[in-house]
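Working notes for the structure below.
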């Protein structure tokens, strides 16, 4: 464990908690893409099956359980409890265009052709594009609530910190995982446009306006 | 080395 991975995990946890609390407190999921949240729940489910097979550390197990729990709680709030506030008309990204290619790629490019490894690879590829429905929805509505932009900021920051963690681990431990690194670079690049807007419009403090 | 056997990252 190094400081970059720890702050990355905490940034990820912060994003997940910010979103869950926002929906819970405002009792509304307006402006939130339920599709992205379903994809994240799928990412955690397929990646953390090793909860059943191996124990790494208390930290590792605890964080995985929190991530999975919060992901499903968020999906529940969006599609069940606060369903009336779900903005389905703007959450129209065709997720099958993400899941099918990612599923195929996981079969073709992986470290080991075993079920657990293919599911892990699928989850890594899926995570890199899981935010697209959310970014697409914001570009359609043309704006995002401030709290939603904080959620996206921490979510984008987490994988950027993981990239530094992988540089650190390669240099000090000789460890690297090309699949995770390439997917992580793609994932972080997708946030670049948002990061620019978040920083440049941060001063205004008003609703962020994304280019349509 | 390539990816570690044990996946210790979240």
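Residue numbers (our numbering), protein chains in the order written: chain A, -15 to 196; chain B, 512 to 521. Using N, Cα and C, we set each Cβ at its ideal position, and we do this for glycine too. Just so you know, these numbers come straight off a predicted model, no measurement behind them.
Quiz item: Considering only C-alpha positions, which residue in the set 58(A), 103(A), 26(A), 44(A) is nearest to residue 1(A)?
Solution: Along the first chain, one-based indexing puts residue 1(A) at 17. Considering only alpha carbons, the answer is 58(A).
Exercise. Name, please, each residue of chain B whose Cβ falls closer than 8 Å to the Cβ of residue 47(A).
Key: Taking the first chain and counting its residues from 1, one reaches residue 47(A) at position 63. Within 8 Å Cβ-Cβ: 521.
Exercise. Report yes or no: do three or more beta-carbon pairs, one from the region 25 to 37 of chain A and one from the region 62 to 73 of chain A, lie closer than 8 Å?
Key: no
Quiz prompt | Chain-order list of residues whose beta-carbon lies under 7 Å from that of residue 33(A) (same chain, five-residue window excluded) | solution = The residue you call residue 33(A) lines up with position 49 of the first chain. Closer than 7 Å at the Cβ level, and outside the excluded window around residue 33(A), lie 100, 103.
Quiz item: Would you report the Cα separation of residue 517(B) and residue 126(A), rounded to the nearest angstrom?
Solution: Your numbering for residue 517(B) matches position 6 in the second chain. Your numbering for residue 126(A) matches position 142 in the first chain. Using only the alpha carbons, I get a separation of about 43 Å.
Exercise. Starting from residue 54(A), trace the alpha helix (DSSP H) both ways and give me its first and last residue.
Key: Translated into the one-based positions of the first chain, residue 54(A) becomes position 70. That run of the alpha helix (DSSP H) goes 42 to 60.
Exercise. For residue 44(A), go through chain B and note every residue whose CB falls closer than 9 Å to its CB, in chain order.
Key: Locating residue 44(A) in the first chain gives position 60, where the first residue counts as 1. By Cβ distance, chain B contributes 519, 520, 521.
Exercise. Just tell me which of 161(A), 136(A), 144(A) has its CA closest to the CA of residue 182(A).
Key: Residue mapping note: residue 182(A) aligns to position 198 of the first chain, counting from 1. Residue 136(A) is the option with its Cα nearest to residue 182(A).
Quiz item: Is residue 7(A) near the ligand ATP, judged by its Cβ being under 6 Å from some heavy atom?
Solution: This structure simply doesn't include the ligand ATP, nor any ligand for that matter.
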